[in-house]
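Have a look at the structure below before the remarks.
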Amino acid sequence: MAHGQITYVDADPSSNTTLADGSTLQDETHYSSTLNNADGLWNLRSFANESTVFGSNDSGAEDCPRLRTTVTGLEAGTTYNVYVYFWGATGANWRLRAGLENLAGELDGYNSAHTTTSSFATSSYLTDNAGGSDLNPGPLTTATDSDPAIENGGYFSGSVETAEGNRSLYQVLLGQVTSTDGTLSVYVDDLANQSSVNRTWFDGVGYQAVSEPSLTYLDADPELNTTLADGTEMNLTASPSNPEDYDSDASSATLPSNWKLRTGFANDSTVLAAAPAADAPVLRTALSGLTPGAIYEVNAHYWAVDTSQNWRFAAGLRADSLSTGGAQIGGENLAGFDSTLLFINAPVLLSEDNRSLYPTEPWLHAR
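Residue numbering for the sequence shown is 2 to 368, as defined by our numbering.
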């Protein structure tokens, strides 16, 4: 679905950022504006947007207190996409915990680098000072001949610094909030007691008014829109031997490393399936007919058995950095929803026998 510009709000201890319980931040008690020590205080460093960033684990292992950044002046009753922004550096994996609720346990964690050994979700940088990015290729008009790099082409409602030195700004969509009183809050924490390569640099939050739902479902079809990741066309054959080959239910022989087009199931009565032990090639499904300059949320949809099994799936906007996991990757399944309230091209099949359709968490993409 398409939305408007994102409004960036810089985290500031003097105006909008407190301890998680709302208590005022005290200089040299909860943060330090002059020192950069491993002392359990956030380091208010002179980098990034508004020349301030909350740093932790910069000089050694520490555990800084949880923060709350509150946005005011919103329209009561309006639903907003809510984002958090942190920094990552080349050759390191900087991290952040963040959420929309002050949970008793740990907040969800986010990495700046892809890793298969961490339970933290991998984030994507907005752009770099070489221009363009994998998350939003093309439309960001960041000044590419400057350091720091500034995005001022309309992605945000104002100018936002997105790269500085060997560092890039990372964006996480935390979810949606319907403001009841014209405010919303984001809770942020560090990953406690880490080395400097896993430090936290928290910069600010963002919000974006949500338009009326306008999801469009596109069925993956190897004859129309789905190829290998490099664009190689897929080939239907009874005897698969190459990565681009796939067979169908009519074939008796199936190689475990190839895709199978199952018929009589799911939307449009077709679904691309891989065997449990398969290492099927990465596919690419291309969307066309989008509005130039518009920002879209993009989801992948996949099927999973509701109980006793863990069907697994990997997807993303970058072929070399796919989010992986079982049904939990997308959270709640769509069984029980009315597809006419979700998709403009409804009806869309959301459940079938003991299987349900799951959406991945949305990725942000601009055209």
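Glycine is no exception: its CB is placed at the ideal position from the N, C-alpha and C atoms. Quantities reported herein were computed from a predicted structural model and do not represent experimental measurements.
Tell me the start and end of each unbroken alpha helix (DSSP H) in the stretch 152 to 218 that is at least 4 residues and wholly inside, in chain order.
Counting only runs of 4 or more, we get nothing.
Does the count of Cβ pairs from the stretch 235 to 249 and the stretch 193 to 203 closer than 8 Å reach three?
The answer is no - the stretch 193 to 203 does not touch the stretch 235 to 249, with fewer than three Cβ pairs under 8 Å.
Contact the stretch 61 to 69 vs the stretch 79 to 94: 3+ CB pairs below 8 Å
Judged by Cβ distances under 8 Å, the stretch 61 to 69 makes no contact with the stretch 79 to 94, as fewer than three pairs qualify.
Taking all protein chains shown into account, do 16 or more other C-beta atoms lie within 10 angstroms of the C-beta of residue 160, making it buried, or fewer, making it exposed?
Burial state of residue 160 is exposed, judged by a 10 Å Cβ sphere holding fewer than 16 other Cβ atoms.
Inspect the CB distances between the stretch 212 to 229 and the stretch 257 to 276 and report whether three or more fall short of 8 Å.
Touching, per the Cβ criterion.
Is the separation between the beta-carbon of residue 170 and that of residue 72 shorter than 8 Å?
Taking 8 Å as the cut-off, the beta carbon of residue 170 is found no closer than this to the beta carbon of residue 72.
Report yes or no: is there a C-beta of chain D within less than 8 Å of the C-beta of residue 304?
No chain D is present in this structure, which holds just one protein chain.
Cα-Cα separation, residue 327 to residue 27
Its pLDDT being 41, under 50, residue 327 is placed unreliably in this model, and the value from its coordinates should be taken loosely. So the alpha carbons of these two residues sit roughly 43 Å apart.
Any idea if residue 207 is buried or exposed, counting beta-carbon neighbours within 10 angstroms, 16 or more meaning buried?
Counting the other Cβ atoms within 10 Å of the Cβ of residue 207 gives 16 or more, which makes it buried.
Determine whether the beta carbon atoms of residue 99 and residue 10 lie at a separation below 8 Å.
Result no, Cβ atoms of residue 99 and residue 10 do not sit closer than 8 Å.
Are the beta-carbon atoms belonging to residue 157 and residue 7 less than 8 Å from one another?
Cβ atoms of residue 157 and residue 7: closer than 8 Å.
Give a yes or no on whether the C-beta atoms belonging to residue 48 and residue 152 are separated by under 8 Å.
No, Cβ-Cβ distance for residue 48 and residue 152 is not below 8 Å.
Helix, strand or coil for residue 60? Go by DSSP, reduced to three states.
In the structure shown, residue 60 sits in coil (DSSP, three-state: anything other than H, G, I, E or B).
Spatial neighbours of residue 332 in its chain, beta-carbon cut-off 6 Å, leaving aside the 5 residues before and after:
With a pLDDT of 48 at residue 332, under the threshold of 50, the modelled position of this residue cannot be trusted, and the question is left open.
Collapsed DSSP secondary structure at residue 269 in the structure displayed
Residue state, collapsed to three classes: helix.
In angstroms, rounded to a whole number, what distance separates the CA positions of residue 303 and residue 296?
Each residue's Cα considered, the two are about 23 Å apart.
Less than 8 Å between the C-beta atoms of residue 17 and residue 53, yes or no?
At a Cβ-Cβ threshold of 8 Å, residue 17 and residue 53 do not count as neighbours.
Whether residue 86 touches residue 172 by CB criterion (8 Å)
Cβ atoms of residue 86 and residue 172: closer than 8 Å.
Could you check what DSSP says for residue 33 in three-state terms: helix, strand or coil?
Here residue 33 sits in strand by DSSP.
Should residue 29 go down as buried or exposed, given a rule of 16 or more other Cβ atoms within 10 Å for buried?
When all chains shown are included, residue 29 counts as exposed.
In this structure, does DSSP put residue 8 in helix, strand or coil?
DSSP places residue 8 in strand when its eight states are reduced to three.
Just the C-alpha distance for residue 349 and residue 267, rounded to the nearest angstrom, thanks.
Between residue 349 and residue 267, the alpha-carbon positions lie close to 9 Å from each other.
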